[in-house]
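Undergrad:
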Amino acid sequence: MKRIGITSDCACDLPEEYFEVHDVGIMYFYITTDTGRFRDGCEVDSQNIIEYLERGGVKAATCAPQPMEYEIFFGRQLEKYDEIIHISLSDRLSNSYTNAQTALSFMGRDSGRISVIDSEQFSSGMAFMIIKAVEMRDSGCSASEIIRECSRVRECISTSFIAKNADYLYRNGLTGKAVRTVCSAMLIHPVLSLKNGRVALKTLEIGDYGKSVRNYIRSELSRSRAIDRKRVFITHAGCGVEMLAAVKAEVKKLCCFDEVVVAKASATISSNCGAGSIGVLFLKNK
């Protein structure tokens with residue numbers, strides 16, 4: 017039986033303990049601020065970035081590893097495994113997929129032992145594919161079977177989030193200036209979803225943020241019969257204990273999931289969506 021390694025990017029927003037327990041290799045992105053360039057998860061985390069920006073920091077740009085870094089990373093993984101399946105951040109949100117593919121062109125015959133999958137997702141949307149890949153690997157499935165199933169799961173993922181304001185989204189080019197101006201003036205909170213690998217404005221919630229979050233959750237979970245109830249992720253960027261408890265209670269009230277996972281967004285994700293952002297991510301039945 018071939019030894020199969022599962023790897024991904026740190027923007028998948030699974031906890032470090034998961035990587036260690038299930039032997040998942042992770043590539044870390046970089047965050048560049050006014051004070052320097054830092055490795056996400058090793059030298060900076062989401063709370064560091066949020067505090068920096070809340071204190072008036074201007075720049076917080078994310079950057080994927082370069083092709084040479086992926087080449088080195090894959091080479092080290094191949095010392096342990098016969099085949100590698102790498103689940104990448106959406107190609108339409110980052111150049112990580114392109115850089116990983118470019119790395120393969122430098123690796124000669126070894127490139128045939130590595131498969132890079134464009135998740136067409138970010139944050140905990142990627143986590144669903146990683147978890148499925150790990151479960152199948154551990155049950156003895158082949159690489160081709162895992163890749164085929166990951167492609168199926170990819171089509172079933174519902175990824176969305178509500179942002180407290182549009183400032184971060186505007187800074188990172190996810191919304192236009194007009195949306196930011198209107199949101200700031202009228203206490204409007206944008207709800208965004210992932211479509212075809214891109215982040216798009218889905219709707220707007222107006223007024224008190226706590227109430228807006230509840231409305232967002234109710235809207236996302238309204239068609240409960242179409243939802244796979246095995247697992248849901250509540251993924252957040254710097255939300256307080258009370259807010260998370262309220263969100264978890266609302267989710268449980270609306271849909272009885274077997275597992276409710278509260279996940280902390282990485283610095284890479286937090287620097288793009290902003291403090292207070294929260295998402296409810298799940299699989300749809302198809």
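Read left to right, the sequence shown gives residues 17 to 302 (our numbering).
Ideal Cβ placement from N, Cα and C applies to all residues, glycine included.
(1) In the structure shown, what three-state DSSP assignment does M259 receive?
(2) Assuming F273 is part of the alpha helix (DSSP H), what are its boundary residues?
(3) Could you tell me the boundaries of the beta strand (DSSP E) in which G52 lies?
(4) Would a C-beta distance cut-off of 9 Å place K268 and P31 closer than the cut-off?
(5) Candidates C271, H252, E59 and S160: which alpha carbon is nearest I22's?
(6) Excluding sequence positions up to five away, which residues of its chain have a Cβ less than 8 Å from the Cβ of S131?
(7) How about L69 and A291: do their beta carbons lie closer than 9 Å?
(8) Tell me whether G52 is buried or exposed, calling it buried when 16 or more other Cβ atoms sit within 10 Å of its Cβ.
(9) For the alpha helix (DSSP H) containing Y46, list its first residue and its last residue.
(10) On the DSSP bridge list, what partners appear for M43?
(11) Tell whether a beta-carbon distance below 9 Å holds between R247 and F144.
(12) I'd like the list of long-range same chain contacts for A149, defined as Cβ closer than 7 Å, with 5 residues on each side in sequence excluded.
(13) Taking one C-beta from the stretch 268-278 and one from the stretch 216-224 each time, how about it: are there three or more such pairs within less than 8 Å?
(14) Which residue or residues does DSSP assign as beta-bridge partners of T251?
(15) Can you tell which of R92, G91, L109 and C255 has its C-alpha closest to the C-alpha of T284?
(16) Which full runs of the beta strand (DSSP E) of 3+ residues lie inside the stretch 114-186, going along the chain?
(17) With 16 other CB atoms within 10 Å as the buried threshold, where does L105 fall?
(18) Does V229 pass the burial test, meaning 16 or more other C-beta atoms within 10 Å, or should it be called exposed?
(19) Throw me the rounded Cβ distance for the S286 and A253 pair, which I believe falls under 8 Å.
(20) Run the CB neighbour count on V169, radius 10 Å, all protein chains shown included, and call it buried at 16 or more, exposed below.
(21) Please list the terminal residues of the continuous alpha helix (DSSP H) segment that includes P206.
(22) For chain B, is any of its Cβ atoms less than 9 Å away from the one on C26?
(23) What are the boundary residues of the beta strand (DSSP E) that includes V215?
(24) Kindly indicate which residue of L120, D134 and Y97 has the alpha-carbon position closest to the one of Y113.
(25) What is the DSSP secondary structure of E99, reduced to helix, strand or coil?
(26) Does R245 come out as helix, strand or coil in the three-state DSSP assignment?
(27) Would I222 be called buried (16 or more neighbouring beta carbons within 10 Å of its own) or exposed?
(28) So, are the CB atoms of S139 and T251 less than 9 Å apart?
(29) Relative to the C-alpha of Q82, which candidate in S127, N115 and G91 has its C-alpha closest?
(30) Suppose you measure from the CA of L203 to the CA of D224; what does that come to, to the nearest Å?
TA: Checking against the coordinates, here is how it stands:
(1) Locating residue 259 in the sequence shown gives position 243, counting from the first residue. Residue state, collapsed to three classes: helix.
(2) Residue mapping note: residue 273 aligns to position 257 of the sequence shown, counting from 1. From DSSP, F273 is part of no alpha helix (DSSP H); its letter is neither H nor E.
(3) Stepping through the sequence shown from its first residue, residue 52 is reached at position 36. Judged by DSSP secondary structure, G52 falls within the beta strand (DSSP E) whose first and last residues are G52 to R55.
(4) For this step, residue 268 is matched to residue 252 along the sequence shown. For this step, residue 31 is matched to residue 15 along the sequence shown. Going by C-beta atoms, K268 is not nearer than 9 Å to P31.
(5) To locate residue 22, count along the sequence shown from 1; it is residue 6. It is S160.
(6) In the sequence shown, the residue the question calls residue 131 occupies position 115. Excluding positions up to five away in sequence, the list reads E99, I100, I101, H102, A159 and I163.
(7) Locating residue 69 in the sequence shown gives position 53, where the first residue counts as 1. Locating residue 291 in the sequence shown gives position 275, where the first residue counts as 1. Yes; because the gap between Cβ atoms is below 9 Å, this pair is in contact.
(8) By 1-based counting over the sequence shown, the position of residue 52 is 36. Under this definition G52 is an exposed residue.
(9) To locate residue 46, count along the sequence shown from 1; it is residue 30. Counting along the chain, Y46 falls outside any alpha helix (DSSP H), though it belongs to the beta strand (DSSP E) covering Y46 to T49.
(10) To locate residue 43, count along the sequence shown from 1; it is residue 27. In DSSP, M43 forms a bridge with D25.
(11) Translated into the one-based positions of the sequence shown, residue 247 becomes position 231. Translated into the one-based positions of the sequence shown, residue 144 becomes position 128. Yes, the Cβ-Cβ distance between R247 and F144 is below 9 Å.
(12) As a first step, residue 149 is located in the sequence shown; it is residue number 133 there, counting from the start. I22, I101, I103, I162 and C166, listed in sequence order.
(13) no
(14) Indexing the sequence shown from 1 puts residue 251 at position 235. Its beta-bridge partners are A279 and G295.
(15) What you label residue 284 is simply residue 268 of the sequence shown in a count that begins at 1. Residue L109 is the option with its Cα nearest to T284.
(16) The beta strand (DSSP E) runs lying completely inside the stretch 114-186 and spanning 3 residues or more are 130-134 and 176-178, given in chain order.
(17) Here residue 105 refers to the residue found at position 89 of the sequence shown. Burial call: buried.
(18) To locate residue 229, count along the sequence shown from 1; it is residue 213. With 16 or more Cβ atoms within 10 Å of its Cβ, V229 is classed as buried.
(19) For the purposes of this step, residue 286 is taken as residue 270 along the sequence shown, with counting starting at 1. For the purposes of this step, residue 253 is taken as residue 237 along the sequence shown, with counting starting at 1. With a Cβ gap of about 4 Å, S286 and A253 count as contacting.
(20) Start at 1 with the first residue of the sequence shown, and residue 169 comes out as number 153. Classification for V169: buried.
(21) The residue given as residue 206 occupies position 190 in the sequence shown. It is not in any alpha helix (DSSP H) - P206 instead sits in the beta strand (DSSP E) that spans I204 to K211.
(22) Among the chains of the structure shown, chain B does not appear; only one protein chain is present.
(23) If you number the sequence shown from 1, residue 215 lands on position 199. Segment R214 to I222, the beta strand (DSSP E) holding V215.
(24) Taking the first residue of the sequence shown as 1, we reach residue 113 at position 97. Out of L120, D134 and Y97, D134 has the C-alpha closest to the C-alpha of Y113.
(25) Within the sequence shown, the letter at position 83 stands for residue 99. In the structure shown, E99 sits in a strand (DSSP, three-state: E or B).
(26) Your numbering for residue 245 matches position 229 in the sequence shown. Reduced to three states, the DSSP call for R245 is strand.
(27) If you number the sequence shown from 1, residue 222 lands on position 206. That one is exposed.
(28) Within the sequence shown, numbered from 1, the residue matching residue 139 stands at position 123. Within the sequence shown, numbered from 1, the residue matching residue 251 stands at position 235. Contact check for S139 against T251 passes: the beta carbons are separated by less than 9 Å.
(29) Sequence index remark: in the sequence shown, residue 82 carries index 66 (1-based). Taking only the C-alpha atoms, the option nearest Q82 is N115.
(30) Indexing the sequence shown from 1 puts residue 203 at position 187. Indexing the sequence shown from 1 puts residue 224 at position 208. Going from the Cα of L203 to the Cα of D224 covers about 8 Å.
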